[in-house]
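Protein chains in written order, with the working numbering: chain A, 40 to 259; chain B, 40 to 259.
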């Protein structure tokens, strides 16, 4: 199971057809305003002080819900673009990347086993609800990539200038760890190196920012 | 004055010609390895436990430096692209945006007075050193925008598709607050509305992600 907090995130997950609510703890006011959304059997009314005690947030926000983890589906990679994340360990980055994927209609993310846990509360919160719409699949990337029948693009140094590339309709896009990039063992599987050209002095871009930029050029 | 922590960030700021170091507190090891970088007069050797006590980081990292705030320069907006931030209140977002600007060779950011403080330690850390290379100017945006002689682009709903626009050589790009967008009072100053087209279901993009995507399309 996992925890989601705050009216917006909880509502987004409740509305998704993949979600299965176990328990929901909320202030009286929230319950009154969201009667249609939640079967009363799962709801416990609590006081502000109780919410503070169970919340992971600095500013607890009306409602905390416990959901069953989503069912993991084997990724389908044909006729679409999917993201592959190699050792994205920062929970905020992973959550933000899931939200970006959802913005660009990507519904599969394949994570290396050493990425942050998608059910870490910081990841869940940063997805802003997109966690319910994107299938997140953890695996041994080297073994997995070997078997894939589509073109593999990798964010690497000295690749093709992403701003000059044409949009693609199918393929896997690998984003590496911010400090170390894509691990050496995976590079042989990359069919096309892609690069965001640097104009100024910052040494690197955050992995989530790089993901946003790359997808906005590859997806039309 | 302001505080910067960790070897990488402190080194980046020390190497910038705008930086003026007041004091630096570091572990013996760091001092030994960075002799050329720091005038000994400003350096205090401390123990790990002392660093823990003065650090803002969860994992204190070798060195903490106190710098004088950078001199504020009146922005020059002709013949270049500059960023304008309206009520970007999240420190992590502001820091990340400064780093993105630096990546794209933008050297001026004009902030509304209600943006996060650039010297907030979370902002400083998130800039990864770019804070020393980008001029951050706080002002009353409405009064300021009125006086500007260049074209003003604003990230707004129902604008031109950013992925289909040509690169520009001059102009101001306004990024609004994530929840509320660009405040109503500023919209009349926008000469061109620009939009990142949404393909999927996420309701919005984080302000830093939007900045990265917009700049990567506008700057060539």
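Here a beta-carbon is modelled for each residue, glycine too, at the ideal position from N, C-alpha and C.
- Annotated as proximal: residue 257 (chain B) and residue 192 (chain B), with beta-carbon spacing under 9 Å.
- For residue 43 (chain A), the uninterrupted beta strand (DSSP E) run begins and ends at 41 to 44, by DSSP.
- Identification of chain B residues near residue 144 (chain A) by a Cβ-Cβ cut-off of 8 Å yields 238, 239 and 240, ordered along the chain.
- A direct Cα-to-Cα measurement between residue 103 (chain B) and residue 126 (chain A) gives close to 28 Å.
- Around residue 141 (chain A), the beta-carbon contacts reaching into chain B at under 7 Å are 239, 240 and 241.
- For the stretch 99 to 153 of chain B, the continuous beta strand (DSSP E) assignments of 3+ residues that do not extend past its boundaries occur at 102 to 106, 120 to 124 and 147 to 151, in sequence order.
- At a cut-off of 9 Å between beta carbons, residue 135 (chain B) contacts chain A.
- Annotated three-state conformation of residue 96 (chain B) is coil, per DSSP.
- With fewer than 16 other CB atoms across the displayed protein chains lying within 10 angstroms of its CB, residue 111 (chain B) is exposed.
- Between residue 215 (chain B) and residue 123 (chain B), the alpha-carbon positions lie close to 8 Å from each other.
- Counting C-beta atoms within 10 angstroms of its own C-beta, residue 167 (chain B) has 16 or more neighbours from the protein chains shown and is therefore classed as buried.
- Scanning chain A for C-beta atoms nearer than 8 Å to the C-beta of residue 167 (chain B) yields 241, 242 and 243, reported in chain order.
- Taking a contact to require three or more Cβ pairs closer than 8 Å, the stretch 177 to 197 of chain A and the stretch 62 to 77 of chain A do not qualify as touching.
- For residue 253 (chain A), the uninterrupted alpha helix (DSSP H) run begins and ends at 246 to 257, by DSSP.
- Restricting attention to B:152, B:171 and B:75, the CA atom closest to the CA of residue 177 (chain B) is found in B:152.
- Contact between residue 100 (chain A) and residue 59 (chain A) does not hold, since the beta-carbon distance rounds to 22 Å and is not under 8 Å.
- The beta-carbon distance between residue 209 (chain B) and residue 119 (chain B), rounded to whole angstroms, is 6 Å. This is short enough to meet the 8 Å contact definition.
- Counting every other CB atom within 10 Å of its CB across the protein chains shown gives residue 162 (chain A) a total of 16 or more, marking it as buried.
- Secondary structure at residue 56 (chain B): coil, using DSSP grouped into helix, strand and coil.
- Around the Cβ of residue 135 (chain B), a 10 Å sphere holds 16 or more other Cβ atoms; the residue is buried.
- Three or more beta-carbon pairs separated by less than 8 Å link the stretch 136 to 146 of chain A to the stretch 233 to 240 of chain B, which places the two stretches in contact.
- Cβ contact annotation for residue 131 (chain B) (same chain, cutoff 7 Å, sequence separation greater than five): 161 and 165, in chain order.
- Contact of residue 258 (chain B) with chain A by beta-carbon distance below 9 Å involves 202 and 238.
- Going by DSSP, residue 166 (chain B) is part of no beta strand (DSSP E) but of the alpha helix (DSSP H) stretching over 160 to 166.
- Each residue's CA atom was taken as its position, placing residue 252 (chain A) and residue 219 (chain A) some 19 Å apart.
- Contiguous beta strand (DSSP E) elements confined to the stretch 201 to 234 of chain A occur at 210 to 214 and 231 to 234, taking only those with 3 or more residues.
- For residue 172 (chain B), the neighbours in chain A by C-beta distance under 7 Å run, in chain order, 240.
- Annotated as distal: residue 235 (chain A) and residue 225 (chain A), with beta-carbon spacing of 9 Å or more.
- In the DSSP annotation of this structure, the continuous segment of the beta strand (DSSP E) that includes residue 175 (chain A) starts and ends at 174 to 178.
- Distances from the CA of residue 174 (chain A) to each of A:181, A:230, A:113 and A:207 were compared; the closest alpha carbon is that of A:113.
- At a cut-off of 9 Å between beta-carbon atoms, residue 210 (chain A) makes no contact with chain B.
- Chain B places a beta carbon closer than 9 Å to that of residue 251 (chain A), counting this residue as a contact.
- Cβ contact annotation for residue 107 (chain B) (same chain, cutoff 7 Å, sequence separation greater than five): 40, 59 and 61, in chain order.
- Here residue 179 (chain B) is exposed. Its C-beta has fewer than 16 other C-beta atoms within 10 Å.
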